[in-house]
Each structure stands twice: as C-alpha cells, then as structure tokens.
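K.L.:
Handing you a structure now.
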Amino acid sequence: MKKNDKPSAMACLKRKKQYEVQAQRLDQQILNNEQMKLTLENAATDIETLKSQQQASKAMKQIFKETGGIDKVEDIMDEVQDTMATANELGQALAQDLGSGQIIDEGELEDELDMLEQEELDKQMLGMKQTKVPSGPIKSGVGAKPVKSAQEVDDELAELEAELNA
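Those letters in the sequence shown? Residues 1176 to 1341, by my numbering.
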C-alpha cells in the first residue's frame, strides 16, 4: 500500500473491522454452545437425582406399609407396655414374703423380670418382616433417551466452529 493511498487504507480498516465483528460473533457462539453443554449436563444430573429420590421414597413407603402404619405401631407398643405391666405385677406378687423366713432380694427379681421382658420384646421385634432396599443404582428404561457424552458434545462444537471458520 502506498503512503498516501487513503482509499486502500480505508478498505483495509473496513475489512479489519468486519473480521473483528465476525470474531466477536464466533466467540459469542462458542460461549453459547458451552453454556448449552453445561445446561444439558446439569439437566442430566438433575434427572438422575430425581430418579434416585423417587426410588428412595418408594422404598420408604413400602417399609411403612409393611409396619402397618403409625396406628398399628402404637397399638403394638401399647400391648407391649400392658404385657410388661402385667409381668411386673406378677413378679411383685410372686416376690411377696410368705413368712417362710427366706429373704428374697427384690432387686434381683426386678433385674430378672426386666431381662425376661427384654427377651420377649426382642422376639417380637425379630418376628417383624424386613424389606430389602436395592443396593445399587436403579435403571429406568421407560422413555430413556441417551445423553450425549462430553466427547460427542465437544466433537459437535468443533464441527460448528469449523463450519463457521470456513
């Protein structure tokens, strides 16, 4: 370009500005693509979290269903308390001094009775049915749509950039 060739200089500056605008547009498109990629990854994570929470909720409902609900548990606990009260009364009646001269330690009787009551409670608790909860991740095949891997998204991004630069 010659020293005083103003039209050529203006044309060069105009092309430079056009390239700068195009570069800014490409940078924004790349940023938008990266943001979409992150949004997709977050959505996939959210779906997996929701599925996991849903399965845990179902398992807990099944466990609660098998216990019969709070009313049944309260009824069982009332029965246990009544049984323990009856056992205590029997123990006290049996521990009364009959005038035989034999001294019976009430503390020992109470301890033994407590131990028997605990054994009865343990038997009742062992008789309850247990529910097994899955130990690993639970897969759902209903309407499942595969999520693209990070490599696939990167490859698509590279293709888009190549098209824009061509």
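Quick reminder that beta carbons are idealized off the backbone N, C-alpha and C, glycines included. Only a predicted model underlies this, so the values are computations on that prediction, with no experimental measurement involved.
Using three-state DSSP, classify Ile-1279 as helix, strand or coil.
P.N.:
It is coil, neither helix nor strand.
K.L.:
Could you spell out where the alpha helix (DSSP H) holding Lys-1192 opens and where it closes?
P.N.:
1181-1242 is the span of the alpha helix (DSSP H), which, as asked, contains Lys-1192.
K.L.:
Please state whether the Cβ-Cβ distance between Ala-1268 and Glu-1281 is less than 9 Å.
P.N.:
Cβ atoms of Ala-1268 and Glu-1281: not closer than 9 Å.
K.L.:
Check this for me: beta carbons of Val-1248 and Gln-1299, under 9 Å apart or not?
P.N.:
Not closer than 9 Å, so no.
K.L.:
Taking C-beta to C-beta, are Leu-1332 and Ile-1245 nearer than 9 Å?
P.N.:
Result no, Cβ atoms of Leu-1332 and Ile-1245 do not sit closer than 9 Å.
K.L.:
From this set, Ala-1184, Gln-1193, Lys-1191 and Leu-1201, which residue's C-alpha is nearest Leu-1339's C-alpha?
P.N.:
It is Leu-1201 whose Cα lies nearest to the Cα of Leu-1339.
K.L.:
Quick check: the Cα distance between Gln-1326 and Glu-1334, rounded to an integer number of angstroms?
P.N.:
Those two C-alpha atoms are separated by around 12 Å.
K.L.:
Start and end of the alpha helix (DSSP H) containing Ala-1270?
P.N.:
From DSSP, Ala-1270 is part of no alpha helix (DSSP H); its letter is neither H nor E.
K.L.:
Quick one: what does DSSP say Ala-1341 is sitting in, helix, strand or coil?
P.N.:
Three-state result, Ala-1341: coil.
K.L.:
What distance in whole Å lies between the Cβ atoms of Gly-1266 and Leu-1296, which are believed to be in contact at a cut-off of 8 Å?
P.N.:
Contact flag wrong, Cβ pair sits at about 16 Å.
K.L.:
Give the secondary structure of Lys-1323 by DSSP, where H, G and I count as helix, E and B as strand, and everything else as coil.
P.N.:
Note: Lys-1323 maps to coil in three-state DSSP.
K.L.:
Is it the case that the Cβ atoms of Leu-1215 and Lys-1323 are separated by a distance below 9 Å?
P.N.:
Yes; because the gap between Cβ atoms is below 9 Å, this pair is in contact.
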